[in-house]
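Residue numbers (full-length UniProt numbering), protein chains in the order written: chain Y, 1 to 607; chain R, 1 to 191.
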Amino acid sequence: MAEEEDLSEMTNDVERHLKLDPPKPSSSPPCPSHVLENVLENVLKFLTTRRDRNAVSLVSRSWHHVEAQTRFEVFIGNCYSLSPARLTRRFTRVRSLFLKGKPRFADFNLMPPDWGAQFAPWVAATARAYPWLEKVSLKRMFVSDDDLALLAVSFPGFKELVLLCCEGFGTSGVAVVANKCRQLKVLDLIESEVTDDEVDWISCFPEGETHLESLSFDCVESPINFKALEGLVVRSPCLKKLRTNRFVSLEELHTLMVRAPQLTSLGTGAFSSTHDGAQGEQEPDYASAFRACRSLVCLSGFRELTAEYLPAISPVCANLTSLNFSYANISPDVFKPIIRNCHNIRVFWALDSICDEGLQAVAETCKELRELRIFPFDPSEDSEGPVSGLGLQAISEGCKKLESILYFCQRMTNVAVTAMSENCPQLTVFRLCIMGRHRPDHVTGKPMDDGFGAIVKNCKKLTRLAVSGLLTDQAFSLIGEYGKLIRTLSVAFAGDSDMGLRYILEGCPKLEKLEIRDSPFGDVGLRSGMHRYNDMRFVWMSSCRLSRGACRDIAHTLPSVVVEAFGSDDDDDDDDEDDNADYVETLYMYRSLDGPRKDAPKFVTIL
Amino acid sequence: MENVGVCDEFVNLKATELRLGLPGTEDGGEEERQKVSCCKSNKRAFPETEKDIESTGKTKPASPPKAQIVGWPPVRSYRKNNIQTKKNESEGQGMYVKVSMDGAPYLRKIDLTVYKQYPELMKSLENMFKFSVGEYCERERYKGSEFVPTYEDKDGDWMLVGDVPWEMFVSSCKRLRIMKGSEAKGLGCGV
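Okay, structure coming up:
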């Protein structure tokens, strides 16, 4: 998402600006207000981006009012930055809601469970206020089956449900949505934890033709009723995106593809066969099924890949714009013949099992590549690491249009990172994860300061940066000096002193999201950002050197910033209690219009 | 979660490195760092100190695998689990198999795909049940031991562990039984 100016920030601006513009009592406006409103409405409906809308709402009270009436899509980057009541008061005609809950580091077990981000109060409030609600997208929220049930009965015109990295619900909740949302077009469950309630939710879709355009359930870790799925696909003529889970075999996938050749996006499930060759039965012609899907541009899945079947996708390779191999352990030999046909790929995700050699092949063929993500097959610090600076440099030389990269590796060089900074001027996202902590340039033994420095200097459009490896305060000095557009910064096991944090907070004016772990930044660094925290969405610092006193100071100085402190372990040794009472294991602070939340669990202290 | 080992690493590096930084910050930072890491209780499960510290940039040869740090590398557990699933299931049938030993009250279960060859498997079994199989050789099978490892294959036959190539064994083994005493003699002693 390019534009993430969210509701709380905008509302902050509104409250500040409109106070300076009091309505004039004496002169009445020439036009009756409802005419002005009609005109404005007709004009404003052409404005769709959040930034434009936020700007417009600051012009005057009447513009603010009309804008609120005509804003149909609301994005809330932090569900605790405002209350549901404030949302429903301000905007009266919301049709689409995007809510984000937990901060990203929660994905890595750095946050205790039951921390919060419940969807419940939001679904309750919107059920009352927006019966016409059509679309809900949630990321990192806790969603219960009851929440889903309430959603399903409260919004008769409900069309799209997208759950990204969510948890708290199961197949029974999904079944209710499938059954009751008769206008449903999109049901996308992505990287979410879905408990297996042993409910045949696929069979719960109503009979007759559906409006389904997109159905993604690749994260659902339970078998599905294939006959019911087939029947559903047959009666969903609008279906364009289908992402099945690993319990769908290759033969079953074939059946689905034959039934739905109009698919544009396919998640292939297991991609392995239950076929027993000895029986001499004819295997389905997989390649022919792929050939028949002339509109297929996006492929993913391959959850339990049997390599010999991979060439079946060859007929669609030339059309593919997006390919996700990141769950498939594919060797370079198997990979190279496939990727050679993928000239139009723009988004490519894979495991590092394709090696530098495979990346070289990508660089030679995929000239249109915009986004690359290489995940580790063995995500541990002491694994072999089949990709390195060689692969990175090759990509930089071949894929000059690259805009976004996430790269996990065991060893890296400043030279390779610098090469990427010079070859890929369009980079907006650079996330490099050298998995061994504090690992220097493996050729020179020097810190990785130069490489990351080159990235911030040369990539003038950079908005998101994640650093790793051995880094000194110098790296942060460079980030502060050159990273003027950076909005999101992730730091782990890096830096030498508070100066590192100061450089960032004093240097990066656009910084909105700062997440730091296990770095030697303390109270001095934290205090140096006092002037920034009101303008940021959140700051996360865990296992740093913060004391309660400093965190409390922030809370007292900035009343619109909520400061949460908690540790990751529940049991405190009594002996250590006194020594450690001052130490803050995890600090999570965020701006909020409605003060501290009421649903904080016991282990969270709001300072 | 930084422990003393990591502090040592910093000390070493600082001694050899040239870097920029405000004067007066380094020493204070150093002491502070050591104080903090000594004071705060280690709340993370990380008992070992780091052994393969890279002060020269070269990785030291593999030491015993480090205890993993919480949430590092930053790969979502969803993704980690899905790759693991593949690792275990891609081998075919004989993954988790029951292991019984004559005279032992409880059965155990092991994952055959974790091992790469017979010696690893035997070592693991020996550790698990606290016995010794002695040496395996073609002619005399398991010499010098009253314990003989056997397995039941796909066809229901009881076979001696070690006769067939490893991959064939993994794909055909349904369960293991460590025989003891006189019953074993029929299979184990070079017949």
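Quick reminder that beta carbons are idealized off the backbone N, C-alpha and C, glycines included.
Checklist entry - Mind checking residue 490 of chain Y: buried by the 16 CB within 10 Å criterion, or exposed? => result buried
Item to check | DSSP beta-bridge partners of residue 434 of chain Y | outcome: Y:409
Checklist entry - Name the chain Y residues whose beta carbon is nearer than 8 Å to that of residue 70 of chain R? => result 108, 109, 110 and 568
Checklist entry - Of the choices Y:540, Y:306 and Y:561, whose alpha-carbon is the least far from that of residue 531 of chain Y? => result Y:561
Next on the checklist: So residue 545 of chain Y and residue 521 of chain Y are supposed to be a Cβ contact under 8 Å. How far apart are they, rounded?
Outcome noted: 6 Å
Item to check | Cβ separation of residue 430 of chain Y and residue 465 of chain Y, assumed to be a contact under 8 Å, to the nearest whole Å | outcome: 6 Å
Next on the checklist: Bridge partners for residue 135 of chain Y per DSSP, in chain order?
Outcome noted: Y:96 and Y:160
Item to check | Segment contact, 8 Å Cβ cut-off, at least three pairs: the stretch 104-115 of chain Y with the stretch 146-155 of chain Y | outcome: no
Item to check | Contacts that residue 78 of chain R makes with chain Y (C-beta to C-beta distance below 9 Å) | outcome: 107, 165, 191, 192, 193 and 219
Checklist entry - Using a C-beta cutoff of 7 Å, does residue 482 of chain Y count as contacting chain R? => result no
Checklist entry - Among residues of its own chain, excluding the 5 on either side of residue 197 of chain Y, which ones have a beta-carbon nearer than 6 Å to its beta-carbon? => result 170, 171 and 172
Next on the checklist: With a threshold of 7 Å between beta carbons, is residue 75 of chain R in contact with chain Y?
Outcome noted: yes
Next on the checklist: Using beta carbons (cut-off 7 Å, strictly below), is residue 596 of chain Y in contact with chain R?
Outcome noted: no
Item to check | Neighbourhood of residue 416 of chain Y by C-beta distance below 6 Å, restricted to the same chain and skipping five residues each side | outcome: 389, 392 and 393
Next on the checklist: I'd like to check one pair, residue 72 of chain Y with residue 50 of chain Y: are the Cβ atoms closer than 7 Å?
Outcome noted: no
Checklist entry - Should the stretch 108-124 of chain R be regarded as contacting the stretch 162-181 of chain R, the criterion being three or more beta carbon pairs within less than 8 Å? => result yes
Checklist entry - Which of the residues in the stretch 364-381 of chain Y, read from start to end, lie with their CB under 7 Å from any CB of chain R? => result 375, 376, 377, 379, 380 and 381
Checklist entry - With residue 139 of chain Y and residue 165 of chain Y assumed to form a contact (beta carbons below 8 Å), what rounded beta-carbon distance in angstroms separates them? => result 6 Å
Checklist entry - Got a sec? Which residues, its chain only, sit under 8 Å from residue 304 of chain Y by beta carbon, not counting five neighbours each side? => result 246, 270, 271 and 272
Next on the checklist: Along the chain, where does the alpha helix (DSSP H) containing residue 476 of chain Y start, and where does it finish?
Outcome noted: 473-482
Checklist entry - Can you find a CB in chain Y that lies within less than 7 Å of the CB of residue 82 of chain R? => result yes
Checklist entry - Using the C-alpha atoms, what's the distance from residue 93 of chain Y back to residue 344 of chain Y? => result 40 Å
Item to check | residue 340 of chain Y: first and last residue of the uninterrupted beta strand (DSSP E) it sits in | outcome: Where residue 340 of chain Y is concerned, there is no enclosing beta strand (DSSP E), given that its DSSP letter is neither H nor E.
Next on the checklist: If I measure Cβ to Cβ from residue 542 of chain Y and keep anything under 6 Å in the same chain, skipping five residues before and after, which residues do I get?
Outcome noted: 110, 517 and 586
Item to check | Where residue 54 of chain Y falls: helix, strand or coil (DSSP) | outcome: helix
Item to check | Contacts that residue 408 of chain Y makes with chain R (C-beta to C-beta distance below 8 Å) | outcome: 73 and 75
Checklist entry - What are the boundary residues of the alpha helix (DSSP H) that residue 177 of chain Y is part of? => result 171-180
Item to check | First and last residue of the uninterrupted beta strand (DSSP E) at residue 73 of chain Y | outcome: 73-76
Item to check | Cutoff 7 Å: residue 433 of chain Y Cβ touching any chain R Cβ | outcome: yes
Item to check | Integer Cβ distance of residue 509 of chain Y from residue 458 of chain Y, believed to fall under 8 Å | outcome: Actually they do not touch by this definition, with Cβ atoms about 19 Å apart.
Checklist entry - Can you tell me the Cα-Cα spacing of residue 230 of chain Y and residue 402 of chain Y, whole angstroms? => result 38 Å
Checklist entry - Given residue 215 of chain Y, which residues of its chain have a CB within under 6 Å of its CB, disregarding the five upstream and five downstream residues? => result 187 and 242
Next on the checklist: Please list the terminal residues of the continuous beta strand (DSSP E) segment that includes residue 115 of chain Y.
Outcome noted: No beta strand (DSSP E) contains residue 115 of chain Y, which DSSP labels as neither H nor E.
Checklist entry - Between residue 309 of chain Y and chain R, is there a C-beta pair that is closer than 7 Å? => result no
Checklist entry - Can you name, in chain order, every residue of its own chain whose Cβ lies under 8 Å from the Cβ of residue 379 of chain Y, other than the five neighbours on each side? => result 408 and 435
Checklist entry - Measuring CB to CB, does residue 421 of chain Y end up less than 7 Å from residue 454 of chain Y? => result yes
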